[in-house]
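Under our numbering, the letters of the sequence shown match residues 3 to 171, in that order. C-beta atoms are modelled at their ideal positions from N, C-alpha and C, and glycine is treated no differently. Values in this document were obtained by computation on a predicted structure and should not be read as measured data. Structure record follows, encoded as structure tokens.
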Amino acid sequence: SGAAVWHLLNYQGHGSDLFWAGAALGAVWGFMHGLLCWGIPNELYAGWLRVMSWNRYSRRIPVDAADGAPTERFVGHFTRGLDLFLPGEDGVMEMHLSVVVNEQQQYSARGLSLQPTRVKRFLEKINLRYDPRRPAPLATKLSSGDRIELGEGQHLAELEFLMLPKEEQ
3 SGAAVWHLLN YQGHGSDLFW AGAALGAVWG FMHGLLCWGI PNELYAGWLR
53 VMSWNRYSRR IPVDAADGAP TERFVGHFTR GLDLFLPGED GVMEMHLSVV
103 VNEQQQYSAR GLSLQPTRVK RFLEKINLRY DPRRPAPLAT KLSSGDRIEL
153 GEGQHLAELE FLMLPKEEQ
């Protein structure tokens, strides 16, 4: 529809002005994109953590609870009770990271370890290393496609946060 408006204003319009035709193209495309994507509710998607490391590659766990209640998933190498077990040889501490989802389906990651914990996204790196002088661990919001690095150097485990349709569960 944006291309049709551009064509009509450029070749059929008054004066054939490429500036106004390009401006109308952007406005119509933005309106149509917003109109088509606005109707997709967030409740149709669930957050997942996927392991990108070589030894447990493509293992993934859901962050959301089955009933939609707020939950917290823990990542580490403590032998019992963690939601995602990663070996300590990869630089992962006993309780390294937690991913939280609240009632509004907003996801966040909290660093629970003194070892390096970084969230990487486009043009941004966030250090979530726990500082014992702070009253609470650092946290950041997560969006689909964020990479989480646990450890450093040769001992590095990598996770990816994904939003997938709930049909995957």
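- Inter-segment contact for the segment 89-100 and the segment 61-69 is absent: fewer than three beta-carbon pairs are separated by less than 8 Å.
- According to the DSSP assignment, residue 6 belongs to the alpha helix (DSSP H) that extends over 4-9.
- For residue 31, the enclosing alpha helix (DSSP H) has its first and last residue at 20-40.
- Counting along the chain, no beta strand (DSSP E) covers residue 12, and no H or E run does either.
- DSSP, read as helix, strand or coil, puts residue 45 in helix.
- Looking at the DSSP output, residue 129 shares a beta bridge with 120.
- When the beta-carbon positions are compared, residue 77 and residue 85 come within less than 9 Å of each other.
- According to the DSSP assignment, residue 143 belongs to the beta strand (DSSP E) that extends over 141-143.
- For residue 169, there is no enclosing beta strand (DSSP E), since its DSSP letter is neither H nor E.
- Taking the C-beta atoms as reference points, residue 155 is found no nearer than 9 Å to residue 130.
- Cα atoms of residue 9 and residue 19: separation of roughly 11 Å, rounded to the nearest angstrom.
- Judged by DSSP in its simplified three-state form, residue 78 adopts strand.
- Excluding its 5 nearest sequence neighbours in each direction, residue 104 has C-beta neighbours in its own chain below 7 Å: 72, listed in chain order.
- Residue 55 and residue 121 have their C-alpha atoms some 15 Å from each other.
- With a cutoff of 9 Å on beta-carbon distance, residue 140 and residue 133 are scored as near each other.
- Only residues of its own chain outside the window of five on either side were considered, and among them 46, 47, 48 have a CB closer than 8 Å to the CB of residue 167, listed in chain order.
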